[in-house]
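First the structure, in the form of structure tokens, and then the observations on it.
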Amino acid sequence: MNTLITAIFLFISLVILTAAIMAVTVKNIVHAALWLIASFFGVAALYMLLEAEFAAVVQVLIYVGAISILVLFAIMLTRRIDDSAAEYPSRARFWGALVLGAALFGLLLAPTLYSTPWRTVQPGQNTAISSVVQLGQAFMREYLLPFEVASILLLVALVGAVVIAFEERGRRRRVLTLAEEVALRQSEEQRTKNEEQQADGTVLTVDR
Amino acid sequence: MPNIVEAVPLSWVLILAGGLFCIGLFGALSRRSTIAILLSIELMLNAVNINLIAFWRYLEPQLVAGQIFALFVIVVAAAEAAVGLAMIIAIYRTRQTIVADEVDTLRG
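Chains as they are written, first to last, in the working numbering: chain L, 10 to 217; chain Y, -8 to 99.
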């Protein structure tokens, strides 16, 4: 039975790491987002294996359901036709990032494996795993203030995202140069002046 | 009842999380598209969450603090993704690009 759990863990790890590597290396950004969804699913399965069911469900709902779709929407809204060349990293940066990531991994490998004694739960120990009920009660009791702050954070982030991404009637597509800005302002002033004159004219005709 | 604590050492889970974090770091440093950088940051946040849940399960399964912290990390990640992608869309609208190297107006 334990070997089965070990095999499941190794399989899930393989899925997570493979999908993550594909997500950061594949050229097509849409494929990268889809590989990221696969990686998120693997992490949710790992939460299930770790008996954190609520975290697994939240992972699927928020990461797979919300964040991935948000990313796909952003990709669709910002895609250029000639964008294929933009994704290629320069060779020096690729190798620099690879060396840095591998060095960090090597640095954390040794102390994790050898030097730290963890006081893990022993097999004979009577261990009650905290349930979803306890989780909800903790959110309503000792973690009430962080819970409320998190709700405010979500509200502010939502409003901020709308404000940042709001399009002013599609008028400005790019940053104008100073000359273009001046010309635009002058033409607008001219137009408002003309409209005022027309309005005066109509008022006069109505009076007569 | 068999469970993962008896079957898999804690250090394996930690190494999995560390590997995921390093993959995310590599992606955040090597990609040029800002959307891909955000994707890599999401991977790194996931690695942190794996660590929190693993410590909760292996060390203190009778307490709820580990899971609660993981859920707060997910909340902050969702807020970060929403604001970050909105900023990317706004940058694209004004500059017609999402490549991080080309958004260099403030460079001295």
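Backbone N, C-alpha and C fix where the C-beta goes; we use that ideal spot for every residue, glycine too.
Presumed contact (8 Å Cβ cut-off) between residue i and residue j, rounded CB distance
i                     : j                        : result
leucine 59 of chain L : arginine 48 of chain Y   : 5 Å
alanine 41 of chain L : alanine 27 of chain Y    : 6 Å
leucine 34 of chain Y : isoleucine 14 of chain Y : 6 Å
Beta-carbon contacts of residue i that lie in its chain and below 7 Å, excluding the five residues immediately before and after
i                            : result
glutamate 176 of chain L     : none
phenylalanine 156 of chain L : Phe148
Interface partners of residue i on chain Y, CB under 9 Å
i                         : result
isoleucine 173 of chain L : Val74, Ala77, Met78, Ile80 and Ala81
Cross-chain neighbours of residue i in chain Y, by beta carbon under 8 Å
i                       : result
threonine 15 of chain L : Ala(-2) and Val(-1)
valine 67 of chain L    : Leu62 and Ile65
threonine 87 of chain L : Ile26, Ile79, Ile80, Tyr83 and Ile89
Classification of residue i by the beta-carbon crowding that lies within 10 angstroms, buried from 16 upward
i                           : result
serine 139 of chain L       : buried
valine 4 of chain Y         : buried
proline 52 of chain Y       : buried
phenylalanine 18 of chain L : buried
aspartate 209 of chain L    : exposed
asparagine 11 of chain L    : exposed
leucine 193 of chain L      : exposed
Residue i versus residue j - alpha carbon distance
i                           : j                        : result
isoleucine 76 of chain L    : lysine 36 of chain L     : 20 Å
serine 31 of chain Y        : glutamine 199 of chain L : 50 Å
leucine 113 of chain L      : alanine 28 of chain L    : 20 Å
isoleucine 47 of chain L    : asparagine 37 of chain Y : Here the sequence assigns alanine to residue 47 of chain L, which means isoleucine is not the residue at that position. If I take the Cα positions, the gap works out to 13 Å.
phenylalanine 17 of chain Y : isoleucine 79 of chain Y : 21 Å
leucine 54 of chain Y       : alanine 53 of chain L    : 21 Å
isoleucine 21 of chain L    : leucine 185 of chain L   : 51 Å
threonine 15 of chain L     : leucine 109 of chain L   : 30 Å
isoleucine 41 of chain Y    : alanine 65 of chain L    : 11 Å
leucine 29 of chain Y       : valine 73 of chain L     : 15 Å
valine 33 of chain L        : glutamate 197 of chain L : 47 Å
Partner residues on chain L for residue i, Cβ-Cβ distance less than 8 Å
i                        : result
leucine 16 of chain Y    : Ala106, Leu109, Gly110 and Leu113
asparagine -6 of chain Y : Ile14 and Glu60
Partner residues on chain L for residue i, Cβ-Cβ distance less than 9 Å
i                        : result
asparagine 37 of chain Y : Ile25, Ala29, Ser48, Phe49, Val52, Gln68 and Tyr72
valine 94 of chain Y     : Simply none; closest approach about 12 Å.
Interface residues of chain Y facing residue i [CB-CB closer than 7 Å]
i                      : result
proline 155 of chain L : Phe63
Beta-carbon contacts of residue i that lie in its chain and below 6 Å, excluding the five residues immediately before and after
i                    : result
leucine 1 of chain Y : Tyr49
Chain L contact residues for residue i, given Cβ-Cβ distances below 7 Å
i                        : result
leucine 97 of chain Y    : Correct list: empty, because the minimum Cβ distance to chain L is about 14 Å.
isoleucine 32 of chain Y : Chain L residues near isoleucine 32 of chain Y: none, gap ~11 Å exceeds 7 Å.
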